[in-house]
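**Q** Chains as they are written, first to last, in the UniProt record's numbering: chain D, 1 to 427; chain H, 1 to 427; chain G, 1 to 427; chain P, 1 to 427. Note that CB positions come from ideal geometry on N, CA and C, so glycine has one too.
Number of protein chains: 4
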Amino acid sequence: MQSYPPIGEQLDDVESAREEGRRKMEWALQHMPILRELREQFAETQPLAGQTLGMAMHVEAKTANLVELLALGGAEVAITGCNPLSTHDDVSAALDANESITSYAKRGVGEDDYYAAIESVVSHGPTITVDDGMDMVFAIHEDHPELVDTIVGGAEETTTGVHRLRAMAADGELNYPVFAVNDTPMKRLFDNVHGTGESALATIAMTTNLSYAGKNVVVAGYGDCGRGVAKKAAGQNANVIVAEVEPRRALEAHMEGYDVMPMNEAAAVGDVFVTTTGNRDVITREDFEAMQDGVLLANAGHFDIEIDLDALSELAVDEYEARDGVRAYELADGRRLNVLAEGRLVNLASPIALGHPAEVMDQSFGIQAVCVRELVEHGDEYAAGVHDVPDDLDREVAEIKLDAEGVEIDSLTDTQAEYMDSWSHGT
Amino acid sequence: MQSYPPIGEQLDDVESAREEGRRKMEWALQHMPILRELREQFAETQPLAGQTLGMAMHVEAKTANLVELLALGGAEVAITGCNPLSTHDDVSAALDANESITSYAKRGVGEDDYYAAIESVVSHGPTITVDDGMDMVFAIHEDHPELVDTIVGGAEETTTGVHRLRAMAADGELNYPVFAVNDTPMKRLFDNVHGTGESALATIAMTTNLSYAGKNVVVAGYGDCGRGVAKKAAGQNANVIVAEVEPRRALEAHMEGYDVMPMNEAAAVGDVFVTTTGNRDVITREDFEAMQDGVLLANAGHFDIEIDLDALSELAVDEYEARDGVRAYELADGRRLNVLAEGRLVNLASPIALGHPAEVMDQSFGIQAVCVRELVEHGDEYAAGVHDVPDDLDREVAEIKLDAEGVEIDSLTDTQAEYMDSWSHGT
Amino acid sequence: MQSYPPIGEQLDDVESAREEGRRKMEWALQHMPILRELREQFAETQPLAGQTLGMAMHVEAKTANLVELLALGGAEVAITGCNPLSTHDDVSAALDANESITSYAKRGVGEDDYYAAIESVVSHGPTITVDDGMDMVFAIHEDHPELVDTIVGGAEETTTGVHRLRAMAADGELNYPVFAVNDTPMKRLFDNVHGTGESALATIAMTTNLSYAGKNVVVAGYGDCGRGVAKKAAGQNANVIVAEVEPRRALEAHMEGYDVMPMNEAAAVGDVFVTTTGNRDVITREDFEAMQDGVLLANAGHFDIEIDLDALSELAVDEYEARDGVRAYELADGRRLNVLAEGRLVNLASPIALGHPAEVMDQSFGIQAVCVRELVEHGDEYAAGVHDVPDDLDREVAEIKLDAEGVEIDSLTDTQAEYMDSWSHGT
Amino acid sequence: MQSYPPIGEQLDDVESAREEGRRKMEWALQHMPILRELREQFAETQPLAGQTLGMAMHVEAKTANLVELLALGGAEVAITGCNPLSTHDDVSAALDANESITSYAKRGVGEDDYYAAIESVVSHGPTITVDDGMDMVFAIHEDHPELVDTIVGGAEETTTGVHRLRAMAADGELNYPVFAVNDTPMKRLFDNVHGTGESALATIAMTTNLSYAGKNVVVAGYGDCGRGVAKKAAGQNANVIVAEVEPRRALEAHMEGYDVMPMNEAAAVGDVFVTTTGNRDVITREDFEAMQDGVLLANAGHFDIEIDLDALSELAVDEYEARDGVRAYELADGRRLNVLAEGRLVNLASPIALGHPAEVMDQSFGIQAVCVRELVEHGDEYAAGVHDVPDDLDREVAEIKLDAEGVEIDSLTDTQAEYMDSWSHGT
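#1: Just how far apart, CA to CA, sit residue 424 of chain D and residue 386 of chain P?
#2: Could you pull out every unbroken beta strand (DSSP E) segment of at least 3 residues lying fully inside the segment 73 to 134 of chain D, listed in chain order?
#3: Note down, in chain order, each residue of its chain lying with its Cβ closer than 7 Å to the Cβ of residue 20 of chain D, except the 5 sequence neighbours on either side.
#4: Considering only residues of the same chain and omitting the five flanking positions on each side of residue 224 of chain G, which have a CB-CB separation below 6 Å?
#5: Assess contact between the segment 253 to 267 of chain G and the segment 202 to 209 of chain G, defined as three or more Cβ pairs (one per stretch) separated by less than 8 Å. Is contact present?
#6: At what residues does the alpha helix (DSSP H) containing residue 288 of chain D begin and finish?
#7: Return the residues of the segment 180 to 201 of chain G that lie within a Cβ-Cβ distance of less than 9 Å from chain H, sorted by chain order.
#8: Assign residue 160 of chain H to one of three DSSP states: helix, strand, or coil.
#9: Which two residues bound the contiguous beta strand (DSSP E) that contains residue 310 of chain H?
#10: Is it buried or exposed for residue 148 of chain D, if we count other Cβ within 10 angstroms and need 16 for buried?
#11: For residue 25 of chain G and residue 75 of chain G, which I take to be in contact (beta-carbon distance under 8 Å), what is that distance rounded to the nearest angstrom?
#12: Would you call the segment 147 to 166 of chain H and the segment 369 to 377 of chain H touching, i.e. three or more CB-CB distances under 8 Å?
#13: How long is the line joining the alpha carbons of residue 104 of chain G and residue 227 of chain G, rounded to whole angstroms?
#14: Rounded to whole angstroms, what's the CA-CA distance from residue 50 of chain G to residue 305 of chain H? Just pull it up for me.
#15: Cα separation between residue 366 of chain G and residue 180 of chain G?
#16: Name, please, each residue of chain H whose Cβ falls closer than 9 Å to the Cβ of residue 98 of chain D.
#17: If you draw a straight line from the C-alpha of residue 400 of chain H to the C-alpha of residue 35 of chain H, how long is it?
#18: Looking at chain H, which residues of the segment 380 to 407 of chain G have a Cβ within less than 7 Å of any of its Cβ atoms?
#19: Could you pull the DSSP bridge partners for residue 259 of chain H from this structure?
#20: Just by C-beta distance, which residues in the segment 228 to 256 of chain G are closer than 7 Å to chain D?
#21: Can you list, in chain order, the residues of its chain with a C-beta nearer than 8 Å to that of residue 43 of chain H? Leave out the 5 residues immediately preceding and following it.
#22: Check the Cβ-Cβ distances between residue 66 of chain D and every residue of chain H, and say whether any is below 8 Å.
#23: Do you know how far the Cα of residue 329 of chain P is from the Cα of residue 430 of chain P?
#24: Quick check on residue 203 of chain G: does DSSP put it in helix, strand or coil?
#25: Can you tell me the Cβ-Cβ gap for residue 162 of chain P and residue 132 of chain P, rounded? I've got them flagged as a contact below 8 Å.
#26: Checking 8 Å against the spacing of the C-beta atoms, do residue 126 of chain P and residue 78 of chain P come in under that value?
#27: Quick test of your reading: residue 240 of chain H and residue 233 of chain H, contact by CB under 8 Å. State the CB separation rounded to the nearest angstrom.
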C-alpha cells in the first residue's frame with residue numbers, strides 16, 4: 001500500500017499548481033503573525049532536528065504554513081488529508097515541493113486511496129503525530145503498533161478527536177502521550193468560538209445568497225462551536241434557537257437570552273439549522289417531517305453524521321442540486337429541504353469554503369508548533385494518555401499574539417503577586 | 001447604436017446559460033415570499049398591461065424575479081446592467097428567453113458597449129423607467145428628451161441615485177416623476193442596513209479567508225449602509241471605528257459605543273476598511289501612507305470612487321493579484337495594502353459576490369413592483385420631481401412580508417385610534 | 001387661583017432643602033457638558049433678556065440646570081411640574097431661591113393644586129412656553145387665549161406632547177409656533193433610545209432586585225423608546241418580545257431578531273412588560289388573565305393609561321405593597337401580578353427613580369435652550385403651528401457635544417462637497 | 001466575646017423589623033424557583049437533621065431564603081454578616097425570629113463587633129460552615145482548631161474565598177473539606193457573569209443618574225465578573241476597555257472586540273471604572289493623576305482594596321459627599337474623582353444596593369443547599385481540602401431551574417450515548 005504516491009507525482013501541471021499553492025500560502029501567512037514569529041524562532045534554533053512528523057490534517061493554505069514552520073524547525077514531514085473534500089491540491093503540491101516535506105493529500109480521493117495515503121505517511125516512520133480527527137493515531141494503534149515505541153507523542157486538534165482519544169485512553173488503549181490541543185483555552189475559545197462561528201455562517205450565507213436578519217437560526221449543541229455560531233448569528237440579527245441535551249449548557253444558553261427547546265420543536269420554526277454537537281443523528285426523520293419549505297441544513301461538527309441524510313433521502317420524492325453546494329430534497333407535499341455540502345463540515349466542504357479564518361488558525365497552529373517542540377524537548381516526561389497543553393506553552397502563544405497585535409498589558413506588581421499567594425489577609 | 005444586440009444573440013451556448021440562469025432564479029424565488037405573493041396578484045390582475053419598462057439594474061437572479069414579475073403583470077420589459085461587473089450572463093439569458101423581456105445586460109462590457117446597451121433599451125420607447133443608479137433617467141434626459149412626454153414616471157433604487165435625482169430636481173432638470181424607492185423605510189432599513197451590512201462583510205470574509213473577531217473595522221460613513229456594516233461587524237466581535245463628516249451621525253455612532261475619529265487617525269489602526277459614503281476620495285494618499293501592512297480595503301458604496309486608487313497606484317512600487325478578487329499594492333517599505341474588487345461595490349463585484357441577500361431584495365423589489373403599479377394607475381397625479389413612496393404602498397409590502405413570515409400583530413382598537421387622534425385628554 | 005404659592009413659601013426647612021437641591025444640581029451639571037458650554041455663552045450674550053418663560057416640566061436636578069441656564073441668559077422664569085410625582089422639592093426650592101426664577105413645583109400635589117400651580121405660572125405672563133407634555137400650551141389655549149398675542153412661541157419635549165400638538169394644529173387650534181424638540185434627531189435618538197432605554201430598565205431592576213438574563217421582556221411599542229428598551233434589555237441577555245400595531249415597525253423589530261407577536265400571546269410567556277406606546281389600554285384584562293405568577297408590569301410611556309389598572313383591580317382578589325414601588329395584584333388562583341410605580345412613567349415615578357440620565361438630558365436640554373434662543377431671535381419668522389427644530393440648531397448642539405467628548409471628525413473637502421451637489425457624473 | 005448578642009436583642013422595634021424583613025424575603029422567594037422546589041424537598045426529607053450550621057454571609061433577603069431552607073431541612077443555624085455594610089437588619093431580625101436560627105448580623109458594626117459576631121456564631125459549635133469570603137473557615141482554623149474534628153465540611157461562595165482556600169490548602173493548612181461552590185458552572189457563570197454584571201451596573205447607574213451609552217467603561221480584570229460587567233456595559237452601548245494582567249484573558253477580551261490596554265493608559269480616557277480582580281492596588285495614584293474630571297470609580301470585587309483610597313485621599317485637596325453613596329475627591333487642579341460606596345463591593349454597599357438579583361442567587365444558593373446536604377450524606381468521603389462541587393449536584397440544580405422556567409430539552413438517545421462513548425468509528 002505504501003505505493004500510494006505523493007501529490008507531486010499525481011498532478012498534470014504540477015508547476016502551476018505549486019505556484020498557485022504558494023500564492024495561497026503567502027496570503028495566509030500575511031495574516032498569521034504567530035506563525036511568522038515562530039518561523040523566525042524555529043529556523044534559528046532548529047528544535048525539531050532529527051524528528052519525523054506524521055500528519056493528517058486539512059491540507060490548505062493555513063495548515064501548510066504550520067507544516068512549513070515545522071519543516072523549518074528541522075523536521076521531516078509526511079502529511080495527508082483528514083477529509084477527502086478539504087484538500088487543496090495546489091497547496092498540497094506546494095508543500096510537496098519542499099525537500100523536507102512529502103504530501104499525499106489529494107482532493108476527492110475515494111475511501112481506499114484515503115487510507116492508502118495514511119499508510120504512506122505511516123511508512124515514513126513518524127516520531128511524532130499531528131492529527132485533526134485522530135486518523136493518524138488510530139492508524140498507528142490499529143495497524144502499526146510496532147511504531148508506538150519510537151513515537152515521542154502526538155498532538156490532536158479537534159473536539160471530536162480529543163473526545164475519542166479520551167475514550168481510547170479510558171479503555172487503556174492509547175499508548176503514547178497526546179496533547180489535547182483542542183481543549184486548551186488558546187485553541188478552544190478562538191478557533192471554535194470565533195473560527196467556526198464566523199466561517200460557518202459566512203460560508204452558508206455565500207453559498208445560498210441568504211441573510212440572517214430576522215431568521216430563526218437553530219443551533220444544535222451549545223459547546224464552544226455552538227456558542228460561536230449562536231453568538232455570531234445573533235450578532236447578525238438572527239433569532240437564535242438552541243437545542244442541547246446537557247442541562248447546564250441548555251441553561252447557559254437560556255440565560256444568554258436564546259430560545260432553548262427540543263430539536264423537534266425547533267424543527268417546526270427554524271429557517272437555518274447548524275449542527276455542532278460532534279454526535280450523530282442530531283436531526284432526524286421526524287424533524288425533517290416538521291420542517292418548513294426552503295430551510296437550510298448545515299453541519300459545523302467534525303463528521304457528516306449529524307444530519308441523518310439516509311432518512312432524508314428515504315423521505316424525499318426528489319433530489320437535485322438547487323445550487324452549487326446545495327442539494328434540495330423535495331418532500332411529497334412539495335416542501336424543499338436544502339442540505340449544504342452534503343452534510344459535511346460546511347466551512348470546509350462547501351464548494352466556496354475556505355476553512356477557518358487565517359488568524360484563528362494562527363492561534364491553533366501556534367499551539368501545535370510549541371506542543372511539537374515540547375514533545376521533542378520533554379516528551380519523555382509525559383506518560384501515555386491524553387495531556388492538557390502545559391499552561392506556559394498556551395501562555396507563550398498568547399503573549400506572541402498580543403505582541404503582534406500591538407496590545408500591551410500590565411503585569412502583577414510584587415505586592416499584588418504576594419497578595420494573590422497569601423490567604424491570611426482579613427476583611 | 002441601437003444595433004447593440006440582446007444577450008441571447010451574443011452567447012455561444014445560450015441554451016445551457018438559460019437553464020443555469022433559470023436555476024438561479026428559482027433558488028432566489030424560493031426565498032422571496034413577497035414577490036411570490038405579488039406574482040399571483042399581478043398575473044391575475046394585469047396591472048401593467050400596455051406599458052413598456054426601460055430598466056438598468058444589476059442583472060442577477062433576484063432582480064430577474066422582479067423583471068419577470070413585471071412582465072407577468074402585463075408589461076414589455078427592456079433591461080440592461082447598471083454596472084459592467086454585476087451582470088450574470090446566464091440570468092440575463094434566462095430573462096431574454098421570456099417573450100415579453102429583452103435583456104441587453106452582459107458582464108464585463110467596455111464603456112462603449114455599456115452605453116450602447118442603454119441606448120438599445122431606450123430604443124424600446126419606455127413608458128416607465130426603473131433604475132439602480134439613475135443611468136436610465138440620465139440617458140433619457142440627456143439624449144432623448146423627446147421621450148419624456150410619453151413617460152409616466154420612474155422608480156430609483158439606490159441612495160446615490162436618489163441623491164443625484166434630488167440635485168437634478170433642485171436644478172429644475174428632472175422632467176417626470178420618480179419614486180425614491182431607496183428612501184422608503186421598507187427599502188432603506190432592510191436593504192441598506194441588513195442587506196449591505198451582512199453581504200458586504202460575508203463577501204469580504206469569503207474573499208480573504210479572514211475573520212472579524214478582534215479586528216479594527218473602520219466604517220466610512222454612518223448612513224444606513226454604514227450602520228449596517230458597523231452593527232454586523234460588531235456582532236462578529238470586531239472593534240468598530242466610524243469615520244463620518246456629519247456631526248449628528250458622528251454623535252450617533254459615538255453614543256452607540258463605537259470609536260469615532262477622522263479617517264487619517266483611523267487609517268493608522270484599522271485592519272479592515274469599508275467605505276459606504278456615496279462620496280469620492282474618502283480614503284486618500286495620506287491615509288494609505290498611514291496604514292499597516294496587510295490591511296483590507298473594500299467599498300460598499302455605489303461607485304468605485306471612494307477609495308482613491310489612482311493615488312494608491314502612484315504610491316505603490318508593485319501591484320499584483322494576491323488572491324482572486326484581491327489586488328495587493330506594495331509600498332516602498334514593504335507594506336501591502338489589499339484592495340478588494342477593484343474598489344467597486346464589493347458585494348456585487350467580487351469574484352464570489354452574490355449581491356444582496358434574496359430576502360432583503362425581496363422587500364426592495366416588492367416596493368419597486370407596487371410603485372410601478374402606482375405609476376400606471378395614478379402616475380398622472382404626480383408632478384415631475386422626486387416623490388416619496390406613498391405610505392400605503394410601503395405598508396402594503398410590510399403586511400405581505402409579515403404574513404409570509406407568519407408574524408401576527410395587533411391592530412389599534414377603536415378606542416386607541418380615537419385616543420391617538422385626540423388632543424384634549426388631560427394628565 | 002393665582003394664589004397658589006411658590007415652593008419657597010410651602011416648605012418648613014427651606015434652607016436645607018435648597019442646599020440639598022443645589023448639591024443635586026451640581027452633580028448633574030458635572031455630567032452635562034453641553035449645558036456648561038451654553039451657560040458660558042448665554043451668560044455672556046444675554047440672548048433671553050426681557051423674556052418671561054412659562055415652563056411645565058419634571059422639576060429635578062437636570063431640568064433645573066436648564067432652567068438656571070435660561071435665567072442666566074437673561075430670562076425671568078416661572079415653572080411648575082408636569083407630573084405630580086416627578087418633582088424633587090429640594091431642587092424646586094433651590095431654583096426658587098434664584099431671583100430670576102419662581103418655582104411652584106411640589107411633589108405629590110392633588111389635582112386641584114396641580115392645575116392651580118399651572119395657573120400661577122401663567123399669571124407671570126409668559127412670552128415663551130417650555131413644555132414636557134404640553135400642559136402649558138393647553139392651559140393657555142383653553143383658559144388664557146388672551147395671552148397668545150404676546151407669546152413668541154414654545155418648545156415641547158415629549159413624543160406624546162408633540163403628537164397632541166400636531167393634532168391640535170391639524171384642527172387649526174394651535175395659535176403660536178411650537179418647536180417639536182422631541183422629534184429632532186439630537187433629542188429623539190438619544191433621549192428616547194438611550195435615556196428611556198437605560199433608565200427604565202435600571203429603575204425596574206433596582207426597584208425589584210431582579211435581573212434580565214434569560215427573562216422574556218415584552219416591549220409594547222417599537223418607537224424610539226421601545227427600541228431603546230428592547231436593545232438595552234437584549235444587551236442584558238433578555239429574550240425580547242415586541243408587541244406593535246404598525247406593520248413596518250413590527251417588521252423592523254422582526255428583522256432585528258426579536259420575537260414579534262400580539263400582546264395577548266406575549267402575555268402568556270412574558271416575565272417583564274414595559275409599555276412605551278403613548279397610547280391607552282395596551283395591556284388589558286384579557287392579557288392579565290393570561291399572565292404568569294410573579295410578572296412585572298411597568299410603563300415607560302408618558303401617561304399612566306397604558307396598563308389598564310382599573311381592570312386589574314377588578315380582577316384581583318387582593319392588592320398590597322409587595323415592595324416599595326411595587327403593588328401586587330393577587331388573582332383568584334394565587335397568581336401575583338406586580339405593577340411598578342402605579343403604572344406611571346417608571347423611571348420618574350418609582351420611589352428610587354432619578355429620571356433620565358444626566359448626559360442624555362444634556363442633549364435634549366441643549367436643544368431646548370437654543371430653540372428658546374431662536375424664538376427670541378427669529379420667532380416672528382415662524383407661523384403658528386408645530387415646527388421642526390431648524391437643522392443648524394440641532395447640528396450646533398451635536399458639535400458642542402462632540403467637542404466636549406473630545407471626539408474629532410473630518411469635514412467634507414471642497415471636491416467632496418461639490419461632488420455631493422452635482423448630478424452629472426457618470427458611472 | 002461570646003457575649004455578642006443576636007440582632008433580636010439589639011433592635012428597638014424588633015417586631016416591625018421582622019415584618020419588613022419577612023416582606024423582603026417573600027418578594028425574593030417569589031423569584032427564586034429553585035429554592036422553592038428545594039424547600040418542599042428538604043421539609044419533606046429533613047436531610048440536615050441534627051446538624052449545626054455556622055454561616056458568614058451577606059444577610060439580606062435572598063440569603064435569608066437559603067438560611068430558612070437549611071433550617072427547614074432540619075438544621076440549627078447560626079449566622080453573621082460577611083461585610084459590615086451588606087446586612088439588612090430587618091431581614092436579620094426576621095431570620096432571628098425563627099426558632100432554629102440565630103442571627104448576629106447587624107449593619108454598620110465596627111471591627112471589634114464584626115469579629116465578636118463571628119465568635120458568637122462559632123460558639124454554637126458548627127458541624128458545617130457556609131461562607132461568603134471564608135471568614136468562618138478562617139476563624140475556626142485560626143482561633144478554634146479544636147472544632148475541626150467535629151466539622152463535616154464547608155461550602156464557600158466567592159471567587160476570592162476559594163482563591164484563599166486553595167492557597168491555604170496548598171500550604172497544608174486547610175483541615176476539613178470545603179466545596180468550591182464559586183467555581184462550579186452553575187454558580188460561576190450565572191452569579192458572576194449575570195449577577196455581578198447586571199447589578200453592579202444598575203447600582204452605579206441608579207446611584208449616579210448616569211448612563212452608559214457612549215461612555216468609556218474601563219473594566220479591571222476579565223474573569224467571570226469582569227466579563228459580565230464588560231458584556232452588560234457593551235450591551236448598554238458603552239465602549240468597553242479591559243485592563244488585565246493574564247495574557248490569555250487579555251487576548252480573549254481583545255478577540256471579543258474590546259479595547260485592551262494597561263490601566264494607566266485606560267485611566268486617561270475612562271469615564272467609569274469598575275474593578276473586578278480580587279486583587280489589591282488595581283487603581284493607584286499614578287492612575288488617579290491621569291484621570292479626567294467627573295470619572296466614576298466603583299469596585300465589584302470582594303474587598304475594598306482594589307482602588308487605593310489612601311493614595312487618593314493623599315492626592316486630594318478636598319473630599320465631600322457629592323451624592324448619597326458618592327464621595328468626591330477633588331484634585332489640586334479642580335478635577336473631581338467620584339468613588340462609589342467607599343470602594344466596597346458596589347452592588348452590596350451602595351446606599352441603594354440590593355445585592356445580586358434574586359434569580360441568580362437562586363442558582364448559587366440552590367448549589368449551596370445541595371452541597372450542604374451532600375456534606376451530611378457523604379462528607380466522610382471527602383478529604384480535607386478544596387473540592388469541586390460534584391457534577392451530579394450541579395446538574396441537579398440546572399434541571400430544577402430549567403423545569404421551573406418551563407424549558408424542555410432533549411436527552412441523548414441510546415445510539416447517541418453509545419456513539420459518544422465509542423472511539424472506533426471511522427471517518
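**A** Put simply:
#1: Since pLDDT at residue 424 of chain D reaches only 45, below the 50 mark, its modelled position is unreliable, and the value read off the structure follows with that caveat. If I take the Cα positions, the gap works out to 17 Å.
#2: You should have 76 to 80, 101 to 103 and 128 to 131.
#3: 90
#4: Apart from sequence neighbours up to five positions away, the residues of its chain that approach residue 224 of chain G with a beta-carbon distance below 6 Å are 188, 192 and 193, ordered along the chain.
#5: no
#6: 285 to 290
#7: 185, 186, 189, 190, 193 and 194
#8: helix
#9: Run containing residue 310 of chain H: none in the beta strand (DSSP E); it sits in the alpha helix (DSSP H), 309 to 315.
#10: exposed
#11: About 18 Å separates the two Cβ atoms, so there is no contact after all.
#12: yes
#13: 35 Å
#14: 54 Å
#15: 14 Å
#16: Residues of chain H with a Cβ closer than 9 Å to the Cβ of residue 98 of chain D do not exist; the shortest Cβ-Cβ separation is about 21 Å.
#17: For residue 400 of chain H and residue 35 of chain H, the distance between alpha carbons rounds to 9 Å.
#18: 394, 395, 398, 399, 401, 402, 405 and 407
#19: H:241
#20: Listed in sequence order: 234, 237, 238, 239, 254, 255 and 256.
#21: 72 and 73
#22: Answer no: the Cβ-Cβ gap between residue 66 of chain D and chain H never drops below 8 Å.
#23: With chain P represented from 1 up to 427, any question about residue 430 of chain P goes unanswered, as that position is not in the structure.
#24: helix
#25: About 11 Å separates the two Cβ atoms, so there is no contact after all.
#26: yes
#27: Rounded, the Cβ-Cβ distance is 5 Å, consistent with contact.
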